[in-house]
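Asker: In the numbering used here, the protein residues as written are 37 to 349. Questions regarding the structure given below will be posed in turn.
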């Protein structure tokens, strides 16, 4: 329900990308599980994994916006979308791991894997290419994210959608807590992904101009900031809780939430983020529509890759 993110079916987009590539791994970020029947989605994911020959990673989430949940008549105020997400992934992994018939009766869905028929000419057969299933990643945004606790409890990839690195360390604490409560060994920090908006240019001034004055700035100004304000969630972007909502502008988030600047500025900001978090393994880049500034965006990606390879690999 966000006009700037018109992608109701990420698997259709990824299927096209798999046709044009041979080595890169791709992932939806993410399938919103309450909006799909888990038996059907389990089959779609299995099929994608096969046509990519195991290049699929699977991002899962509980919702996009409150408008999405209202469209499906899901009571987000009671937390139903989180319950549905947990039930959905339990059903999908049951299908992928099953060796015979079963029935699952949940609060939101009841599914069955029926017995094979006609000497196995007909029956459940489509399991993922990767065994037992593709890597699963979940994203957390708020401090001490409960979603990242689920990642730790299930051995999934934790992804911090992080704008304010001041609370980034609480994300890994949530992962470790989830693993401990589930009786799992805490995962390696190498699994941990952290996502931030980036732009690298020759100078800090140029990076600021191209980010704040470009698509990154337009997206935050016209879409993301109004959406957060409408959901009373601008606090997610504040470096201190006493900052008034009226101060959270594009210029504010460029200074406090994005990582933009020269190569040296960006390198130092990444180093600061590593120190504040205690260390993480993978840097995610938040991407924006870059077609109006394609050459500069490609240069930015190349520069960032060089920074990571030379200073953090």
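Glycine included, C-beta positions come from ideal geometry on N, C-alpha and C.
(1) Could you give the distance in angstroms between the alpha-carbon of residue 101 and the alpha-carbon of residue 154?
(2) Compute the Euclidean distance between the alpha carbons of residue 273 and residue 265, then round it to the nearest angstrom.
(3) Determine whether the beta carbon atoms of residue 188 and residue 225 lie at a separation below 8 Å.
(4) Run the CB neighbour count on residue 238, radius 10 Å, all protein chains shown included, and call it buried at 16 or more, exposed below.
(5) May I ask you to list the residues that DSSP assigns as paired with residue 320?
(6) Have a look at the DSSP bridge pairing and note the partners of residue 175.
(7) Can you tell me where the alpha helix (DSSP H) holding residue 54 begins and where it ends?
(8) Considering only residues of the same chain and omitting the five flanking positions on each side of residue 229, which have a CB-CB separation below 6 Å?
(9) Scan the region 262-346 and note each continuous alpha helix (DSSP H) run of 4 residues or more that stays entirely inside, going in chain order.
(10) Can you tell me whether residue 41 is helix, strand or coil according to DSSP?
(11) If you pair each beta-carbon of the region 47-65 with each one of the region 79-97, do three or more pairs fall below 8 Å?
(12) If you compare alpha carbons, which of 142, 58, 331 and 130 is closest to residue 91?
(13) Along the chain, where does the beta strand (DSSP E) containing residue 138 start, and where does it finish?
(14) Keeping to the same chain, check which residues put their C-beta closer than 7 Å to that of residue 118; ignore five residues upstream and five downstream.
(15) Looking at C-alpha atoms only, which residue of 306, 246 and 157 is the closest neighbour of residue 328?
(16) Can you look up residue 149 in the DSSP assignment and give me helix, strand or coil?
(17) By DSSP, does residue 107 sit in helix, in strand, or in coil?
(18) Roughly how many angstroms separate the alpha carbons of residue 138 and residue 120, rounded to a whole number?
(19) Would you list, in sequence order, the uninterrupted alpha helix (DSSP H) runs of no fewer than 4 residues that lie entirely inside the region 74-135?
(20) Go to residue 182, then tell me how far its alpha helix (DSSP H) extends in each direction, as first and last residue.
(21) Please classify residue 69 as buried or exposed, where buried requires at least 16 neighbouring CB atoms within 10 angstroms.
(22) Count the other CB atoms, across all protein chains shown, that sit within 10 Å of the CB of residue 202; report buried if there are 16 or more and exposed otherwise.
(23) So does the region 123-130 actually touch the region 69-80, counting three or more Cβ pairs closer than 8 Å?
(24) Give me the Cα-Cα distance between residue 103 and residue 64, rounded to the nearest whole angstrom.
(25) Consult DSSP for residue 158 and reduce its assignment to one of helix, strand or coil.
(26) Would you tell me roughly how many angstroms separate the C-alpha atoms of residue 51 and residue 42, rounded to the nearest one?
(27) Mind checking who residue 252 pairs with in its DSSP beta bridge?
(28) Assuming residue 88 and residue 67 make a contact with CB atoms under 8 Å, what is their CB distance in whole Å?
(29) Return the Cβ separation of residue 185 and residue 211 in integer angstroms, given the expectation that the two are a contact with Cβ distance under 8 Å.
(30) Does the distance from the CB of residue 93 to the CB of residue 61 come in under 8 Å?
(31) Who are residue 67's beta bridge partners in DSSP?
(32) Express the C-alpha separation of residue 143 and residue 123 in angstroms, rounding to a whole number.
Answerer: The structure says:
(1) 46 Å
(2) 11 Å
(3) no
(4) exposed
(5) 231
(6) 195
(7) 46-55
(8) 195, 318 and 320
(9) 286-292 and 299-313
(10) coil
(11) yes
(12) 58
(13) 138-141
(14) 98
(15) 246
(16) strand
(17) helix
(18) 20 Å
(19) 74-87, 102-107 and 116-133
(20) 182-190
(21) buried
(22) exposed
(23) yes
(24) 20 Å
(25) strand
(26) 17 Å
(27) Answer is none; residue 252 lacks a bridge partner.
(28) The Cβ separation is near 15 Å, so there is no contact.
(29) 7 Å
(30) yes
(31) 96
(32) 8 Å
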